[in-house]
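Data first, discussion second: the structure below is written as structure tokens.
Residue numbers (the UniProt record's numbering): 1 to 955.
Structure, rendered in structure tokens:
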């Protein structure tokens with residue numbers, strides 16, 4: 001028994017010794033086993049604990065897996081905390097099964113060298129060879145994987161800053177039948193994402209016959225959505241990957257790093273076949289679309305060599321011009337911002353980042369003005385030297401070809417340019433330029449250009465000036481940065497409209513002088529000024545200038561800057577312009593301008609992509625002040641003019657030319673000059689004008705406001721509002737000019753509201769004390785080519801009315817030639833009489849206004865009217881008939897006649913009636929002299945009261 005107890009004690013001591021040794025060397029055993037499995041040094045720098053059983057669990061903290069010695073990252077993987085469950089039953093059968101693997105805060109650091117070495121090639125020993133044990137056990141079968149707060153960093157050729165992605169949480173489960181299912185979420189490029197993937201177990205893929213891993217993957221974020229399906233080459237087998245990829249997003253602009261504020265107008269889709277291995281990847285069968293743009297072809301990227309290499313063969317049936325410009329501007333702004341922050345090297349140094357060979361063919365740039373099509377570009381980039389040869393494209397019917405060379409590999413950096421422009425006819429232009437010293441602060445350049453019989457219409461179309469200058473251009477220009485080079489050449493322009501002038505260029509490296517003489521539209525032309533030297537154009541963002549121009553009897557001084565020729569179509573300047581009449585400069589602006597007196601205006605003149613704007617201007621037109629803004633949009637098929645104008649004080653005579661009036665040169669009142677209606681079909685307009693005060697002479701007009709629109713040959717005043725006599729007169733006019741239909745037809749509507757009778761009569765004597773408010777309405781149809789012809793052809797109806805008021809008593813009685821009543825009123829001190837009502841209704845037919853109902857009812861007299869007014873001949877033929885309500889002594893009441901022309905009206909009594917009364921007085925005087933007075937006594941038979949007012953038509 002003692003022997004048994006002794007042997008039992010020995011065995012127990014031996015087990016204790018063995019267990020202590022196992023615990024003592026457990027860390028080294030785990031590090032060795034893990035290192036053998038992955039082929040790297042594995043370190044556990046924190047706590048380690050083991051829970052033994054058929055499923056043994058190992059807990060470790062601060063776990064690290066080393067990177068190769070050549071990597072500047074010391075560790076490929078660091079884990080804050082790791083839990084691994086190992087199935088001993090499966091291990092006894094030669095399989096490594098991990099029922100559970102949990103990683104807290106894993107960080108994976110990957111690197112690739114210019115020689116093609118990669119830090120993530122695992123599976124061998126730390127020294128690069130795989131053991132038989134590792135081959136049998138790797139890769140393990142992980143039944144459940146969980147990671148949180150992870151991070152991925154990648155550094156490789158062509159990346160100036162490591163690429164990083166963060167993982168908030170990842171869950172993956174493996175079933176021997178269903179395979180691997182993985183879900184993850186985190187942040188990528190600052191954007192939240194979600195990842196879903198599915199594939200077979202890693203063991204099945206590793207030991208399969210073809211050495212590839214089939215999978216499906218879906219990744220989505222606020223920026224884009226990515227789907228991929230195919231096979232990944234298994235790293236240990238060095239097999240190629242092959243998959244179909246589909247990418248789509250809401251906005252290309254938001255893909256620019258750090259730029260998240262653009263609108264999502266241009267969604268995009270791209271799909272193709274992605275394949276490759278060992279750092280060599282190819283994207284074939286590429287089909288991409290964005291905002292009406294299309295791109296197809298193939299792209300190959302080789303990262304296996306000492307420097308990245310890119311090859312592309314792309315074809316685009318159509319690319320939206322505005323989309324291409326916006327994307328380029330966005331990336332340019334981002335690159336400039338990054339360069340200022342010191343994050344990237346200059347554009348020249350970036351040329352040395354990779355080698356490239358690319359060919360691009362574009363069928364057409366949609367939305368470009370003028371139309372650009374048949375574009376071809378062959379690009380070669382090698383060791384920092386860029387060659388674009390050839391460059392070919394067509395603008396309308398003209399063709400441009402050339403080559404560009406940039407040598408950035410060695411100092412001094414050089415740029416060479418050669419272009420040829422072939423016009424639709426026999427006109428052509430050639431240009432050669434060379435510049436050296438970029439980046440040194442001292443650039444030397446030379447430009448030679450020769451132009452023969454070149455039509456400017458296509459070249460100036462992007463600025464909205466193609467139709468203004470459609471003539472021929474000849475030039476010989478030789479510009480260098482040599483300070484002694486004074487004569488730089490000459491430019492001659494001529495056209496069939498009588499324009500022929502020559503510009504001569506001179507100066508040096510600091511300033512270009514311009515001097516021009518000749519004729520413009522058969523009138524003297526002159527230009528003098530200066531500009532920045534042409535040699536600065538290659539590296540400049542804008543081209544400043546200061547010019548004085550005299551043309552079409554108009555003088556202009558313009559100071560500003562034009563965007564560089566290959567930059568935005570943009571102009572910023574200040575314009576001071578003066579002349580005898582804005583109509584004179586119509587050959588330049590090419591849309592209808594009003595006939596106005598002498599003027600001078602100063603303001604800001606800008607242009608952006610064909611939109612011209614004259615803003616914040618002020619000045620004088622005739623005796624009136626004028627301020628506001630005006631813009632002309634040449635981007636559409638025809639110009640669109642918008643203006644908002646204001647005057648503090650308007651002299652009404654300054655607007656006479658707008659309606660075709662020529663003061664002192666016509667015998668009639670209504671302007672008879674024809675409007676040029678066909679010219680209104682050449683542009684659209686929306687013009688609003690307001691005058692706070694109006695100087696209208698004897699006319700009681702105190703303010704003016706109008707809204708004038710032209711669209712597709714339709715002219716509208718909507719409305720013209722004149723402040724008259726404390727009230728308003730509104731005029732609505734709608735004219736329609738249809739091609740081939742003459743004369744122009746239109747509609748006219750008038751509304752008179754609360755116009756003061758006293759202010760209307762103010763210019764006339766005997767108007768003191770008159771009071772009342774006038775209302776009215778008129779609706780007409782008309783036709784004609786001038787104001788006179790339109791008024792002479794109106795058809796319609798109109799009325800004017802005043803319900804109550806007062807009139808100067810002497811005016812009323814004298815209108816009835818009642819001398820006795822007038823003397824009596826003067827003696828009694830009465831100054832006014834009550835006006836019960838007044839109404840005039842007229843009908844117009846072919847320019848003749850026939851008086852229908854007309855009544856003016858006062859306390860003692862009722863007046864009626866008959867006759868007509870001819871707007872065609874501008875002639876009055878009216879009879880005003882007084883009807884007394886009381887008996888009157890010394891009355892010579894007789895019809896009053898308004899006759900004659902509008903310019904020379906004749907207002908007088910009907911002398912025949914007075915002569916009859918005079919004859920009767922002579923007869924009575926012969927019989928009995930006192931009886932002669934009976935002929936001038938009015939019996940007063942008109943009805944008293946307001947009965948006639950009550951029977952007036954409703955108004």
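Glycine included, C-beta positions come from ideal geometry on N, C-alpha and C.
Check, Outcome
"Does the contact criterion of 3 or more C-beta pairs under 8 angstroms hold for the stretch 676 to 695 versus the stretch 637 to 657?", "yes"
"Cβ of residue 777 within 9 angstroms of Cβ of residue 755?", "no"
"Could you round the C-beta distance between residue 85 and residue 68 to whole angstroms and report it? I think they count as a contact, below 8 angstroms.", "Between residue 68 and residue 85 the Cβ distance is about 29 angstroms, and since that is not below 8 angstroms, they are no contact."
"Looking at the structure shown, is residue 352 part of a helix, part of a strand, or coil, going by DSSP?", "coil"
"Along the chain, where does the beta strand (DSSP E) that runs through residue 296 open and close?", "293 to 302"
"Using the beta-carbon count (16 or more within 10 Å), is residue 49 buried or exposed?", "exposed"
"Using 9 angstroms as the threshold, is the C-beta distance between residue 451 and residue 475 below it?", "yes"
"Helix, strand or coil: which one does DSSP assign to residue 267?", "coil"
"Let me make sure I understand the geometry here. Which of 186, 805, 153, 496 has the alpha-carbon closest to that of residue 775?", "805"
"Expressed to the nearest angstrom, what Euclidean distance is found between the alpha-carbon atoms of residue 178 and residue 151?", "28 angstroms"
"Give the straight-line distance between the Cα atoms of residue 876 and residue 855, rounded to the nearest whole angstrom.", "18 angstroms"
"Assuming residue 527 and residue 559 make a contact with CB atoms under 8 angstroms, what is their CB distance in whole Å?", "Residue 527 to residue 559, Cβ: 14 angstroms. No contact."
"Going by beta-carbon coordinates alone, are residue 416 and residue 404 separated by less than 9 angstroms?", "yes"
"Please report the distance separating the alpha-carbon of residue 557 from that of residue 516.", "15 angstroms"
"Which value, in whole angstroms, describes the spacing of the CA atoms of residue 215 and residue 243?", "9 angstroms"
"When the Cα atoms are used, what is the spatial distance from residue 279 to residue 308?", "10 angstroms"
"Rounded to whole angstroms, what is the Cα-Cα separation between residue 395 and residue 372?", "5 angstroms"
"How close, in whole Å, do the beta carbons of residue 431 and residue 449 come, if the pair is a contact with beta carbons under 8 angstroms?", "4 angstroms"
"When you compare only the Cα positions, how much space is there between residue 745 and residue 684?", "19 angstroms"
"Output yes or no for whether 9 angstroms exceeds the beta carbon distance between residue 105 and residue 144.", "no"
"How many angstroms separate the CA atom of residue 792 from the CA atom of residue 873?", "8 angstroms"
"Count the other CB atoms, across all protein chains shown, that sit within 10 Å of the CB of residue 75; report buried if there are 16 or more and exposed otherwise.", "buried"
"Report the rounded CA-to-CA distance for residue 80 versus residue 382, giving the unit in angstroms.", "45 angstroms"
"State yes or no: is the C-beta of residue 521 within less than 9 angstroms of the C-beta of residue 594?", "no"
"Anyone know if the C-beta pair for residue 742 and residue 734 falls short of 9 angstroms?", "no"
"Going by alpha carbons, who is nearest to residue 700 out of 680, 707, 726?", "726"
"List the residues that DSSP assigns as beta-bridge partners of residue 782.", "746"
"What residue ranges within the stretch 25 to 69 form continuous alpha helix (DSSP H) runs of no fewer than 4 residues, ordered along the chain?", "26 to 38"
"Mind checking who residue 882 pairs with in its DSSP beta bridge?", "863"
"Can the beta-carbon of residue 186 be found closer than 9 angstroms to that of residue 169?", "yes"
"Where does residue 652 sit, in a helix, a strand or coil, going by DSSP?", "helix"
"Which runs of the beta strand (DSSP E) at least 3 residues long sit entirely within the stretch 491 to 547? Give them in chain order.", "500 to 507, 512 to 520, 523 to 531"
"Using the three-state DSSP reduction, which class does residue 965 fall into: helix, strand or coil?", "As displayed, the chain neither begins before 1 nor continues past 955, which places residue 965 out of reach and without an answer."
"Quick one: what does DSSP say residue 586 is sitting in, helix, strand or coil?", "helix"
"Under a Cβ-count criterion, where at least 16 other Cβ atoms within 10 Å of its own Cβ denotes burial, should residue 52 be classed as buried or exposed?", "exposed"
"So, residue 797 versus residue 843, is the Cβ gap smaller than 9 angstroms?", "yes"
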